[in-house]
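So the structure is just underneath, and the comments pick up after that.
Number of protein chains: 2
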Amino acid sequence: MGPMELRGKVWIELGGRHLFGKGRAALLEAVESEGSIQGAARKLGMSYRKAWSMLRAGQTLTGARLVETTRGGSKGGGARVTDFGRELLRTYRRVEARFDDLLKEARNEVRRAGD
Amino acid sequence: MGPMELRGKVWIELGGRHLFGKGRAALLEAVESEGSIQGAARKLGMSYRKAWSMLRAGQTLTGARLVETTRGGSKGGGARVTDFGRELLRTYRRVEARFDDLLKEARNEVRRAGD
Chain V
216 MGPMELRGKV WIELGGRHLF GKGRAALLEA VESEGSIQGA ARKLGMSYRK
266 AWSMLRAGQT LTGARLVETT RGGSKGGGAR VTDFGRELLR TYRRVEARFD
316 DLLKEARNEV RRAGD
Chain A
216 MGPMELRGKV WIELGGRHLF GKGRAALLEA VESEGSIQGA ARKLGMSYRK
266 AWSMLRAGQT LTGARLVETT RGGSKGGGAR VTDFGRELLR TYRRVEARFD
316 DLLKEARNEV RRAGD
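The listed protein sequences derive, respectively, from chains V and A. Following this note's numbering, the numbering of the first sequence begins with 216 at its first residue and continues without gaps. Following this note's numbering, the numbering of the second sequence begins with 216 at its first residue and continues without gaps.
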């Protein structure tokens, strides 16, 4: 028998529905670094439609935008993460980091259980 | 907007496949308390077939039994959790308890992020 591996995940719900997890966190970070939804989608290897619908779902659920689009300028329309989106992202990453520490700590205990 | 809720789960994999999580932990505990797979399935509101296939999947993956059946006696055939099953259960519950503590601690941070 190979080594057992401990896995886990955390996410944020609102009214029992998925609001924010690994996927949306990565998407907001990509919008931040690429400056547009199109660029973020490309970076993550997903369609624009998919990226847009993830952001839209978050907005529909909370009634607040995670990303706001900016029109015009030399590079055409872009997008940036709102204060609300940034706060959500920061909270999620902070909790996730503590959770990952715990997984690392507990990993060896789990490995040993298989011996 | 209602309160955001932090959710999460942990599980154990072997060779990239699900080995042990909330469902199998509850099943082993029910076998322990009921003394048979049939009784455990009834207690958890699942079919005998389902309970048996969960135990079987764990055995196929690890090459070791989680439960062993006992034949005969005044009450007919029964089942009990093997030492290996018990060790797996104990390890899982220990890690899960620490993880639940972390979720409780972080819950308020997440709630506040929505304000």
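Ideal placement from N, C-alpha and C gives every residue a C-beta, glycine not left out. Please read all numbers here as calculations on a predicted model, not as lab measurements.
6 angstroms CB neighbourhood of residue i in its chain, flanking five on each side removed
i, result
"V:Ala-245", "Ala-255, Lys-258 and Leu-259"
Best match in the options for proximity to residue i [C-alpha to C-alpha]
i, options, result
"A:Gly-231", "V:Leu-221, V:Gly-231, V:Leu-234 and V:Thr-277", "V:Leu-221"
"A:Val-310", "V:Leu-304, V:Ser-262 and V:Glu-324", "V:Glu-324"
"A:Glu-302", "A:Pro-218, A:Leu-243, A:Ala-266 and A:Gln-253", "A:Leu-243"
"V:Arg-327", "A:Arg-313, A:Val-282, A:Phe-299 and A:Ala-312", "A:Phe-299"
"V:Lys-200", "V:Gly-238, V:Arg-280 and V:Ser-248", "The question about residue 200 of chain V has no answer here: the residues shown for chain V are numbered 216 through 330."
"V:Thr-284", "V:Arg-313, V:Asp-316, V:Glu-249 and V:Asp-315", "V:Glu-249"
"V:Arg-286", "V:Ala-279, V:Ala-294 and V:Leu-304", "V:Ala-294"
"A:Pro-218", "V:Leu-229, V:Gly-223 and V:Pro-218", "V:Leu-229"
"V:Glu-247", "V:Phe-314, V:Val-282 and V:Asp-316", "V:Val-282"
Any chain A beta carbon closer than 8 angstroms to residue i
i, result
"V:Leu-243", "no"
"V:Val-296", "no"
"V:Thr-275", "no"
"V:Ala-321", "yes"
Chain-order list of residues whose beta-carbon lies under 7 angstroms from that of residue i (same chain, five-residue window excluded)
i, result
"V:Trp-226", "His-233, Phe-235 and Gly-236"
"A:Ala-321", "Leu-221"
"A:Tyr-307", "Ile-227, Phe-235 and Ala-240"
CB-CB length for residue i against residue j, believed under 8 angstroms
i, j, result
"V:Thr-297", "A:Met-216", "With a Cβ gap of about 14 angstroms, V:Thr-297 and A:Met-216 do not count as contacting."
Residue i CB to nearest heavy atom of the ligand HEM below 7 angstroms
i, result
"V:Asp-316", "Looking for the ligand HEM in the displayed structure turns up nothing, as the structure carries no ligands at all."
Distance, residue j Cα to residue i Cα
i, j, result
"V:Gly-292", "V:Ala-272", "21 angstroms"
"V:Leu-304", "A:Ala-312", "26 angstroms"
"A:Gln-253", "V:Leu-318", "34 angstroms"
"A:Ala-279", "V:Ser-251", "52 angstroms"
"V:Gln-274", "A:Met-261", "38 angstroms"
"A:Met-269", "V:Lys-224", "22 angstroms"
Cβ shell of residue i (< 8 angstroms), same chain only, five flanking positions each side left out
i, result
"A:Asp-316", "none"
Cutoff 8 angstroms: residue i Cβ touching any chain V Cβ
i, result
"A:Arg-280", "no"
"A:Thr-285", "no"
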